[in-house]
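>
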Amino acid sequence: MRPISEAYKDFPILKREHNGHRLIYLDSGATAQIPQMVADRVVNHMLYHNGNPHRGSHILAIEASEAYENARERVVEFINAREREEIIFTRNSTESMNLIAYSYGLNNLQAGDKIVITVAEHHANLVTWQFVANKTGATLEYMYLDESGHLKDGEINKIDEYTKIVAFAHVSNVLGMEFPVKELTDKAHSVGAVVVLDGAQSTPHMKVDMQELDCDFFVFSGHKMCASQGIGVLYGKRALLEAMPPFLLGGDMIEYVKEQTTTFNELPYKFEAGTPNADGAVALHAAMDYLDSFGMDAIEAYEEELVAYVLPKLMDIPHVHVIGSTNAKEKHGVIAFTVDDVHPHDVATILDSKGICVRSGHHCAQPLGAFYKVAASTRLSMYLYTRKEDLDAFLDVLKTVRTVMGFED
Ligand code: PLP
């Protein structure tokens, strides 16, 4: 295994300067940066092996098919799925979620049924279920949280015999909190509901194991784990995927097409219409190799160490308030906070003026903001290339924010 302390050297972007300062990237929850070796493997694929996967019998079509399917096999291994038929390539978590909503949700729910989600969901795992509820007559019910981001006692009992879908984030993109997957999944399965787990913020940062998690669907995005943008994954249990109708229609997802009728291809191709993102699949394959060269457990432990380092210092700054849990073990590299009287966009702009990138806004989780009465916040999010000196620089600038804005302290 490689030592994580070396990781930052692999990222050319971190050698950039911005506003006369070394660029410090603390927005990996939005998108992660790309190591040289991932870019090299993609460029090599594009320059020497580019062809249209599954179409044609010439060498380049064959090599592109191999690269694309090898990436699928690598995903099976990385998330410990059972078989390649369970892995569908999409553009991102959002598209994966839409595939589930349109293909499973619209066809399996009806009036009287319930969809249960948490109030902390990213809009990708929320607007989709509003849509399904509106179309089918099902009800959308929320499980609420306490101040520290944990599910309130008894909320799990909203999962009852009427519940058909339970959807929640494995790790919240605002709170950094890991929801109790086993408890929620066992409860959902005990009433015959399917579990949709949003792995966008967990897969990049910890070992995820489909057979252990036992969710029915799982989604994640390549760009949050050192691959390029435009490649994502939907994992689904085979029996469910087999029974679902296609989501998008067109080339490659068919078996036979006659003038009036079509039969559909087998899994996973039934859900992959049109020319796929082979470059993205190659990037994802390389990114999984890259992350595994350090080990996912080591990455998770390193991020916990970073949070344990920065969190108490952040909380010591007057007028700064951390949202959700203040236990470093529960933050998974994500800390959202507010500064009294200063809009998060101003906080982010002042940090940016010193070369430091953080996220500000509602983080695509507006119901959570409304629930906590914090419409917007600033978020720093870390990854394996983050260093303590980056966090020191962030803290130094953060301490100046209120005075820059004209407050006395
Ligand atoms: N779910 C969570 C928890 C996220 O943090 C994000 C993105 O930030 C998404 C879903 C959507 O990911 P994407 O924009 O890659 O589809």
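Sequential numbering from 116 applies to the sequence shown in my numbering. The beta-carbon is built from N, C-alpha and C at its ideal position, and this holds for glycine as well.
Using 8 Å as the Cβ pair cut-off and three pairs as the minimum, do the region 280-298 and the region 260-272 touch?
yes
> Can you give the Cα-Cα distance for alanine 416 and leucine 506, rounded to whole angstroms?
Looking up residue 416 in the sequence shown gives position 301. Looking up residue 506 in the sequence shown gives position 391. For alanine 416 and leucine 506, the distance between alpha carbons rounds to 17 Å.
> With respect to 8 Å, is the separation between the Cβ of glutamate 418 and the closest non-hydrogen atom of the ligand PLP below this value?
Against the sequence shown, residue 418 aligns to sequence position 303. No; taking the cut-off as 8 Å, the Cβ of glutamate 418 has no heavy atom of the ligand PLP nearer than that.
> Out of Arg197, Glu374, Met161 and Ser468, point me to the one whose CA is closest to glutamate 327's CA.
The sequence position of residue 327 within the sequence shown is 212, counting from 1. Checking every option, the nearest Cα to that of glutamate 327 belongs to Arg197.
> Taking lysine 302 and isoleucine 280 to be in contact with their CB atoms under 8 Å, please state how far apart those CB atoms are, rounded to whole angstroms.
Looking up residue 302 in the sequence shown gives position 187. Looking up residue 280 in the sequence shown gives position 165. No, lysine 302 and isoleucine 280 are not in contact; Cβ-Cβ is about 13 Å, not under 8 Å.
> Use the C-beta contact count for valine 372: other C-beta atoms within 10 angstroms, 16 or more gives buried, fewer gives exposed.
As a working note, residue 372 is residue 257 in the sequence shown. Exposed, by the Cβ-count rule.
> Is there a Cβ from chain B that is less than 9 Å from the Cβ of asparagine 392?
Here there is only one protein chain, and chain B is not present.
> My output table needs one value for isoleucine 274: the three-state DSSP class, helix, strand or coil.
The residue you call residue 274 lines up with position 159 of the sequence shown. In the structure shown, isoleucine 274 adopts coil according to DSSP, grouped into three states.
> Ignoring anything shorter than 4 residues, give me the alpha helix (DSSP H) runs that lie fully in the region 401-450, in order along the chain.
411-431
> Give every residue whose Cβ lies closer than 5 Å to any heavy atom of the ligand PLP, listed in chain order.
Asn207, Ser208, Thr209, His237, Ala239, Ala284, Asn288, Asp313, Ala315, Gln316 and Ser336
> Report, in whole angstroms, the separation of the C-beta atoms of alanine 176 and histidine 160, which I expect to be a contact under 8 Å.
In the sequence shown, residue 176 corresponds to position 61, counting from 1. In the sequence shown, residue 160 corresponds to position 45, counting from 1. Not quite, the Cβ-Cβ distance comes to about 13 Å (not below 8 Å), so this is no contact.
> If we require 4 or more residues per run, which alpha helix (DSSP H) segments fall completely within the region 347-406?
353-358
> Starting from the Cα of tyrosine 384, find the closest Cα among Arg187, Pro150 and Tyr163 and give me that residue.
Here residue 384 refers to the residue found at position 269 when the sequence shown is read from its first residue. Per the Cα distances, Arg187.
> To the nearest whole angstrom, what separates the beta carbons of phenylalanine 448 and serine 496, a pair I think is in contact under 8 Å?
Here residue 448 is taken as the residue at index 333 of the sequence shown, counted from 1. Here residue 496 is taken as the residue at index 381 of the sequence shown, counted from 1. Reading off the sequence, residue 448 comes out as glycine, not phenylalanine. Yes, glycine 448 and serine 496 are in contact; Cβ-Cβ is about 6 Å, under 8 Å.
> Short of 7 Å in beta carbon distance, which residues of its chain neighbour valine 397, apart from the five on each side in sequence? Order them along the chain.
The residue you call residue 397 lines up with position 282 of the sequence shown. Same-chain partners within the cutoff: Arg156, Val157, His160, Ala182 and Ala186.
> Name the one or two DSSP bridge partners that tyrosine 257 has.
For the purposes of this step, residue 257 is taken as residue 142 along the sequence shown, with counting starting at 1. Ile232, per the DSSP bridge assignment.
> Nearest-angstrom Cα distance between alanine 354 and alanine 216?
Here residue 354 refers to the residue found at position 239 of the sequence shown. Here residue 216 refers to the residue found at position 101 of the sequence shown. Taking the straight line from one Cα to the other gives about 17 Å.
> Can you give me the Cβ contacts of alanine 490 inside the same chain, cut-off strictly under 7 Å, excluding the 5 residues immediately before and after it?
Translated into positions along the sequence shown, residue 490 becomes position 375. Answer for alanine 490: His477 and Gly484, listed in chain order.
> Under 7 Å Cβ to Cβ from valine 512, same chain only, skipping five residues before and after it: list those, please.
Here the question's residue 512 lines up with position 397 in the sequence shown. Here the set comprises Ile465, Leu466, Lys469 and Ile471.
> Touch check for the region 406-413 and the region 427-437: three-plus C-beta pairs under 8 Å?
no
> Helix, strand or coil for alanine 284, going by three-state DSSP, please let me know.
Along the sequence shown, one-based indexing puts residue 284 at 169. Alanine 284 falls in the strand class under three-state DSSP.
> Could you tell me the distance, in whole angstroms, from the CA atom of tyrosine 277 to the CA atom of glycine 227?
For this step, residue 277 is matched to residue 162 along the sequence shown. For this step, residue 227 is matched to residue 112 along the sequence shown. When rounded, the distance between both Cα atoms is 7 Å.
> Could you work out which residue in Lys514, Lys503, Ala393 and Ser343 is closest to arginine 170 when comparing CA atoms only?
Taking the first residue of the sequence shown as position 1, residue 170 is located at position 55. Nearest option by C-alpha distance: Ala393.
> Which word fits serine 172, buried or exposed, when buried means at least 16 other C-beta atoms lie within 10 angstroms of its C-beta?
Translated into positions along the sequence shown, residue 172 becomes position 57. Under this definition serine 172 is an exposed residue.
> Run through the DSSP bridge pairs and tell me what tyrosine 140 is partnered with.
Indexing the sequence shown from 1 puts residue 140 at position 25. In DSSP, tyrosine 140 forms a bridge with Cys472.
> Distance, Cα to Cα, glycine 307 vs alanine 122?
Within the sequence shown, the letter at position 192 stands for residue 307. Within the sequence shown, the letter at position 7 stands for residue 122. The straight-line gap from Cα to Cα measures roughly 44 Å.
> Rounded to whole angstroms, what is the Cα-Cα separation between isoleucine 271 and isoleucine 230?
Position 156 of the sequence shown holds residue 271. Position 115 of the sequence shown holds residue 230. For isoleucine 271 and isoleucine 230, the distance between alpha carbons rounds to 13 Å.
> DSSP three-state label for glutamate 198, please.
Here residue 198 refers to the residue found at position 83 of the sequence shown. Reduced to three states, the DSSP call for glutamate 198 is coil.
> Just the Cα atoms here: how many angstroms apart are histidine 237 and serine 287?
If you number the sequence shown from 1, residue 237 lands on position 122. If you number the sequence shown from 1, residue 287 lands on position 172. When rounded, the distance between both Cα atoms is 8 Å.
> State buried or exposed for valine 240, treating a residue as buried only when at least 16 other CB atoms are found within 10 Å of its CB.
For the purposes of this step, residue 240 is identified with residue 125 of the sequence shown, where counting begins at 1. This sequence places asparagine at residue 240; valine is not what is there. So asparagine 240 counts as buried.
> Do leucine 214 and leucine 399 come within 9 Å of each other at the CB atom, strictly closer than that value?
Counted from its first residue, the sequence shown places residue 399 at position 284. Counted from its first residue, the sequence shown places residue 214 at position 99. In this structure, leucine 214 does not lie closer than 9 Å to leucine 399 by Cβ.
> According to DSSP, is arginine 494 part of a helix, a strand, or is it coil?
Working through the sequence shown from its first residue, we reach residue 494 at position 379. Correct three-state label for arginine 494: strand.
> Between valine 437 and the rest of its own chain, which residues show a CB-CB distance below 8 Å, the 5 nearest in sequence each way excluded?
Taking the first residue of the sequence shown as position 1, residue 437 is located at position 322. These residues qualify, in order along the chain: Leu426, Leu429, Met430, Ile450, Ala451 and Phe452.
> DSSP three-state label for histidine 164, please.
As a working mapping, residue 164 is identified with position 49 in the sequence shown. Correct three-state label for histidine 164: coil.
> Just tell me which of Thr251, Cys479, Ala443 and Phe379 has its CA closest to the CA of serine 492.
One-based indexing of the sequence shown puts residue 492 at position 377. Comparing Cα positions, the closest option is Cys479.
> Give a yes or no on whether the C-beta atoms belonging to glycine 395 and glycine 345 are separated by under 9 Å.
As a position in the sequence shown, residue 395 is number 280, starting the count at 1. As a position in the sequence shown, residue 345 is number 230, starting the count at 1. It is a contact, given that the beta carbons lie within the stated cut-off.
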